[in-house]
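Visitor:
Numbering (my numbering), first residue to last: 6 to 112.
#1: Ends of the beta strand (DSSP E) at residue 104?
#2: How long is the line joining the alpha carbons of residue 25 and residue 60, rounded to whole angstroms?
#3: What residue range is occupied by the uninterrupted alpha helix (DSSP H) comprising residue 91?
#4: Is it true that the CB of residue 82 sits closer than 9 Å to the CB of residue 52?
#5: Considering only residues of the same chain and omitting the five flanking positions on each side of residue 66, which have a CB-CB separation below 6 Å?
#6: With DSSP run on the structure shown, which of helix, strand or coil describes residue 81?
#7: If you follow the beta strand (DSSP E) that residue 72 is in, where does it begin and where does it stop?
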């Protein structure tokens with residue numbers, strides 16, 4: 006089940022901005038892979054590296070290769086996350102064979 010509005014406007018606004026970034030990333034997914042240089046996890050901000058570690062640990066604990074957008078949202082830091090940071094998260098998760106999808110894990 007997806008999260009409903011919690012009455013916290015700041016969290017809802019941040020979620021909407023993140024969703025817009027994710028939608029943009031998905032729209033750009035068809036561009037040639039050779040034009041993109043894979044990110045280095047060490048070059049990312051510490052809070053983004055921590056989010057990636059949390060996501061990898063959650064996937065391992067669930068013994069799953071699929072996480073939900075709710076899992077992603079819970080792992081992200083409370084600040085506004087850049088499109089580049091989100092793109093790096095998706096690339097690094099993909100390198101580990103982990104996808105982020107709508108719905109419940111295991112769907």
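All residues carry an ideal CB built from backbone N, CA and C; glycine is no exception. The structure presented is a predicted model; accordingly, all values stated were derived computationally and were not measured.
Guide: So, from the data block:
#1: Along the chain shown, read from residue 1 onward, the residue named residue 104 stands at position 99. Note, residue 104: beta strand (DSSP E), 104-106.
#2: Counted from its first residue, the chain shown places residue 25 at position 20. Counted from its first residue, the chain shown places residue 60 at position 55. Roughly 21 Å between the two C-alpha positions.
#3: Residue mapping note: residue 91 aligns to position 86 of the chain shown, counting from 1. 88-100 is the extent of the alpha helix (DSSP H) around residue 91.
#4: As a first step, residue 52 must be located in the chain shown, where it is residue number 47. As a first step, residue 82 must be located in the chain shown, where it is residue number 77. It is a contact, given that the beta carbons lie within the stated cut-off.
#5: Position 61 of the chain shown holds residue 66. Nothing meets the Cβ criterion.
#6: What you label residue 81 is simply residue 76 of the chain shown in a count that begins at 1. Coil, per DSSP.
#7: Counting from 1 along the chain shown, the entry for residue 72 is found at position 67. Looking at the DSSP string, the run of the beta strand (DSSP E) that includes residue 72 is 71-73.
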